[in-house]
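A short worksheet on the structure shown next.
Protein chains in written order, with the working numbering: chain A, 1 to 455; chain B, 1001 to 1455.
As structure tokens, then:
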């Protein structure tokens, strides 16, 4: 039997096993699920061993990593597969049509927490491996597997782990299926991710809330002062005003411009998806350029003073906000944190105290579009999905991709089989059966296609 | 026995009775205290009847009013005494040195919720009346009493009540002791209060929180948009930029300028009291002018997006803030609400929805400084406190004072016996025994002095 025939003849088993995998409530953010996480890791590692991939559970300080490998020849290229077996919390439960950890099929979708993010997607690769091992077919690549258990709670221990096991994890290329296609009818290869920098700003005025009648007009109000800071971070064209913010920004390339124009993107449809009144962004760039190839700055939350019902006539003692910036090559997250910190101290009103907590972040990553890896992935996807993929980017960040580049020197192929409306972090998370099937076949083809690349 | 001798010989009784009054937890803001409010009103009304003032409890739709009167002659002037028997909530309880509704004496202070605001202060007048009635002395003025039960929860029913009982409440002058002296060693007559306008602003972007990676840069962020609005409400000199905001403002008079300069105010001491880094206000005005005679605008609270620990990388769906403006003569609260509403809609970014809820407010009030009433009050205070009062204003608002002027045509004498550090709305509310005593003697003298004014 050939690997492809094995997949064809084991459709039901593949799905049943995924359902078993999905039943573990492996919620990494909640300590009450610590035991479930371990059970899930043991099950996953056991399954890898069962299908002939040598696997073990490795501690990280937090939730464990499931590692696996099947190394066939030093002549072969080595592929590191990254995925995560932990999931987002399922809450709010009342908005689910089903039970989050009891998967069902509805309207052609697998409905369960983790179905698309990321158990369902990583499962396509596991089943592709099995198609080789179960049929005693020769695996033409060396396989290494890193399945993480804390992606949904910040991957706190992963960078340290990758550094510590640098030699064990060494690979020519990394494969990650933890994102989305361009649309339901258009598969894609993601060749770039934005980075992230995060800061928190606290502005302090009086040492306690003061009566706004007795004191109003004589001392500075920290909310007004914070608002002035925030307003000072963009100019009227949507450019960010922080000194040196764009110093290291690589301009949108001609390749990107032309690829993005080819995509079936429509501003009106996109606007509808956001539920906003109008689009708004940096002058001189298209929507896709704005979300994929240009850096941004958003206030994610703001707090200060009285927030209950009715009026409370105070000058509040303090106000805070959280700011994240999405970065593009070659911006450095710490450098950007320092620059915004310095700029805020510069523009902050002199009559309040201001403190900027710098949390750093992750750099943007890009996979060379002219190399052999993307071509190989493209061919595999075309075979698996029956349609050639488009090249797209993603505005979000997957920090570990930067770590792989930085520590292992390996690029990452971002091959998302999901859809942007799969409710990855929301109630009713789902993964279409077609995407599961096509993704599995593409994962199989990928093994063959990657083996042809000269490392 | 003369009235003054009665006060001298009943010092202990006066204090014991006040303690009884303070023991009622008459918290108007909490429905669980509704019964306590009624009991307190019954006790107070009963006491007035007992000392010879005809009193009744009158419903208002909310908490009742305690009304009382002793009308001696149509030839006499009629004085309406306003006070409130309800109190602020005592929370947070853990910050109290004592039990809020079990008054004690500590370091010369009466320590209890309501001691200065306003039970202790209104009690000085009640005891002054009693000094006359108990000694069968001839009361040389007609007395009307309006003790409110919802001052601390917004006096929602008072304006309607005053309008409904306009004839019953008709008076030549109103007396209110519900504020503070200039300092511990300097009694004062307050001849003006600022008014108030209150609005709430809501800015809406996407119809739900969006991922700031996937969407950041392409749609407007409501927090950033709200910050821009707030920042646009002041110019670099601390002036308010709202179109027409200063149209009706009466400039600081020469009388005010010279009176304020005489006061023992020191900016450094004042700054220390606020716990702020530096003073800040409208260019071209002194601190006392800024807080007493100039209009202001403060954001009292702001909310939007994620406010928990750590980062949540979202573009929030909405952001709101509460804004109060302190007004001076002759600004109209509704007019000012309309002006800020119009201005905010004008400067709000076009890519978000914006809504301004206008709550109106109260106009500023001023007592003519060249009339006979202030002179009479000044003489009474000098006799009661042993020192001539200064003329000051108050930056806060007492909306009912505007109602008295507007509906009854009567000016109000604001004769505060408390201190600004009496913790009126904070834990450990207190009222100094000296202020209680001096205030009671001043209240007694006031009866005599007011009777001399030709109405």
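For glycine and all other residues, C-beta sits at the position ideal for the given N, C-alpha and C.
Presumed contact (8 Å Cβ cut-off) between residue 304 of chain A and residue 316 of chain A, rounded CB distance: For the purposes of this step, residue 304 of chain A is taken as the residue at position 304 of the first chain. For the purposes of this step, residue 316 of chain A is taken as the residue at position 316 of the first chain. That belief holds up - the Cβ atoms of residue 304 of chain A and residue 316 of chain A are roughly 5 Å apart, short of 8 Å.
Cβ distance (whole Å) where residue 84 of chain A is taken to contact residue 147 of chain A below 8 Å: Here residue 84 of chain A refers to the residue found at position 84 when the first chain is read from its first residue. Here residue 147 of chain A refers to the residue found at position 147 when the first chain is read from its first residue. Going by Cβ atoms, the distance from residue 84 of chain A to residue 147 of chain A rounds to 6 Å, so yes, they are a contact pair.
Under 7 Å between C-beta atoms of residue 328 of chain A and residue 293 of chain A: Position 328 of the first chain, counted from the start, is the residue given in the question as residue 328 of chain A. Position 293 of the first chain, counted from the start, is the residue given in the question as residue 293 of chain A. Yes, these two residues count as a Cβ contact at 7 Å.
Per-residue contacts from residue 118 of chain A into chain B (C-beta, under 9 Å): Along the first chain, one-based indexing puts residue 118 of chain A at 118. In chain order: nothing, as chain B lies at least about 16 Å away.
Proximity below 7 Å, CB of residue 1100 of chain B to CB of residue 1090 of chain B: Stepping through the second chain from its first residue, residue 1100 of chain B is reached at position 100. Stepping through the second chain from its first residue, residue 1090 of chain B is reached at position 90. Closer than 7 Å, so yes.
Helix, strand or coil at residue 459 of chain A according to DSSP, with G and I counted as helix: Residue 459 of chain A is absent from the model: chain A starts at 1 and stops at 455.
Listed by chain order, chain A residues near residue 1207 of chain B by CB distance under 8 Å: Counting from one through the second chain, the residue named residue 1207 of chain B turns up at place 207. By Cβ distance, chain A contributes 274, 275, 276.
Assumed close pair residue 1385 of chain B, residue 1120 of chain B - CB separation to whole angstroms, cut-off 8 Å: For the purposes of this step, residue 1385 of chain B is identified with residue 385 of the second chain, where counting begins at 1. For the purposes of this step, residue 1120 of chain B is identified with residue 120 of the second chain, where counting begins at 1. Incorrect: roughly 16 Å between the Cβ atoms, too far for contact.
Short CB-CB distance (under 7 Å) between residue 280 of chain A and chain B: For the purposes of this step, residue 280 of chain A is taken as the residue at position 280 of the first chain. True, the Cβ-Cβ gap to chain B drops below 7 Å.
Residue 81 of chain A beta carbon less than 7 Å from that of residue 125 of chain A: Translated into the one-based positions of the first chain, residue 125 of chain A becomes position 125. Translated into the one-based positions of the first chain, residue 81 of chain A becomes position 81. Yes. Within cutoff.
Residues that DSSP places opposite residue 1324 of chain B in a beta bridge: Counted from its first residue, the second chain places residue 1324 of chain B at position 324. BP columns for residue 1324 of chain B point to B:1198, B:1298.
Candidates B:1092, B:1422, B:1194, B:1255, of which the one nearest residue 1330 of chain B by Cα: Taking the first residue of the second chain as position 1, residue 1330 of chain B is located at position 330. Checking every option, the nearest Cα to that of residue 1330 of chain B belongs to B:1194.
Counted within 10 angstroms of its Cβ, other Cβ atoms place residue 266 of chain A as buried (16 or more) or exposed: Taking the first residue of the first chain as 1, we reach residue 266 of chain A at position 266. Counting Cβ neighbours within 10 Å, residue 266 of chain A comes out exposed, since fewer than 16 surround it.
9 Å Cβ cut-off: residues of chain A touching residue 1423 of chain B: Along the second chain, one-based indexing puts residue 1423 of chain B at 423. None at all; the shortest Cβ gap to chain A is about 11 Å.
Closer than 7 Å to chain B by CB, residue 179 of chain A: Mapped onto the first chain, residue 179 of chain A falls at position 179. Chain B contact via Cβ: absent.
Cβ of residue 353 of chain A within 7 Å of any chain B Cβ: The residue given as residue 353 of chain A occupies position 353 in the first chain. Yes, contact with chain B.
At least 3 beta-carbon pairs within less than 8 Å: the stretch 1165 to 1180 of chain B vs the stretch 1405 to 1421 of chain B: yes
Touching by the beta-carbon criterion (3+ pairs, under 8 Å), the stretch 1356 to 1370 of chain B and the stretch 1198 to 1212 of chain B: yes
Per-residue contacts from residue 1250 of chain B into chain A (C-beta, under 8 Å): As a working note, residue 1250 of chain B is residue 250 in the second chain. In chain order: nothing, as chain A lies at least about 16 Å away.
For residue 147 of chain A, the residue or residues it bridges with in DSSP: Numbered from 1 along the first chain, position 147 holds the residue referred to as residue 147 of chain A. A:66, A:83, per the DSSP bridge assignment.
Residue 1296 of chain B vs residue 1326 of chain B beta-carbon contact at 7 Å: As a position in the second chain, residue 1296 of chain B is number 296, starting the count at 1. As a position in the second chain, residue 1326 of chain B is number 326, starting the count at 1. Yes. Within cutoff.
Paired residues, beta bridge with residue 1430 of chain B - DSSP: For the purposes of this step, residue 1430 of chain B is identified with residue 430 of the second chain, where counting begins at 1. Its beta-bridge partners are B:1111.
Integer Cβ distance of residue 1139 of chain B from residue 1045 of chain B, believed to fall under 8 Å: Within the second chain, residue 1139 of chain B is the residue found at index 139, counting from 1. Within the second chain, residue 1045 of chain B is the residue found at index 45, counting from 1. About 19 Å separates the two Cβ atoms, so there is no contact after all.
DSSP state of residue 1031 of chain B mapped onto helix, strand, coil: For the purposes of this step, residue 1031 of chain B is taken as residue 31 along the second chain, with counting starting at 1. Note: residue 1031 of chain B maps to helix in three-state DSSP.
Cβ pair residue 54 of chain A, residue 32 of chain A closer than 7 Å: Indexing the first chain from 1 puts residue 54 of chain A at position 54. Indexing the first chain from 1 puts residue 32 of chain A at position 32. No, these two residues do not count as a Cβ contact at 7 Å.
Inter-residue spacing [alpha-carbon to alpha-carbon] between residue 1096 of chain B and residue 312 of chain A: Against the second chain, residue 1096 of chain B aligns to sequence position 96. Against the first chain, residue 312 of chain A aligns to sequence position 312. Whole-angstrom Cα-Cα distance: 22 Å.
Entirely enclosed beta strand (DSSP E) segments - the stretch 1342 to 1376 of chain B, minimum 3 residues: 1353 to 1362
Alpha carbon of residue 1152 of chain B to alpha carbon of residue 1058 of chain B, nearest angstrom: Locating residue 1152 of chain B in the second chain gives position 152, counting from the first residue. Locating residue 1058 of chain B in the second chain gives position 58, counting from the first residue. One C-alpha to the other measures close to 18 Å.
Exposure label - residue 445 of chain A; buried when at least 16 CB within 10 Å: Taking the first residue of the first chain as 1, we reach residue 445 of chain A at position 445. Answer is buried; the Cβ neighbour count reaches 16.
Neighbourhood of residue 230 of chain A by C-beta distance below 7 Å, restricted to the same chain and skipping five residues each side: Start at 1 with the first residue of the first chain, and residue 230 of chain A comes out as number 230. 299, 321.
Residues sharing a beta bridge with residue 1190 of chain B, DSSP: As a working mapping, residue 1190 of chain B is identified with position 190 in the second chain. In the DSSP output, where bridge partners are listed per residue, residue 1190 of chain B has B:1392, B:1414.
Residue 291 of chain A versus A:310, A:306, A:271, A:43, residue with shortest Cα-Cα distance: Sequence index remark: in the first chain, residue 291 of chain A carries index 291 (1-based). The option with the nearest alpha carbon to residue 291 of chain A is A:271.
Stretch pair the stretch 231 to 246 of chain A + the stretch 1235 to 1245 of chain B: three plus CB contacts closer than 8 Å: no
Residue 425 of chain A, buried or exposed, once every other Cβ within 10 Å from all chains shown has been counted against 16: Position 425 of the first chain, counting from 1, holds the residue named residue 425 of chain A. Burial call: exposed.
Residue environment, residue 1244 of chain B, which counts as buried when at least 16 other CB atoms sit within 10 Å: Walking along the second chain from the start, residue 1244 of chain B turns up at place 244. Exposed.
Given residue 277 of chain A as reference, the closest of B:1274, B:1257, B:1259, B:1318 once Cα atoms are compared: Within the first chain, numbered from 1, the residue matching residue 277 of chain A stands at position 277. Considering only alpha carbons, the answer is B:1318.
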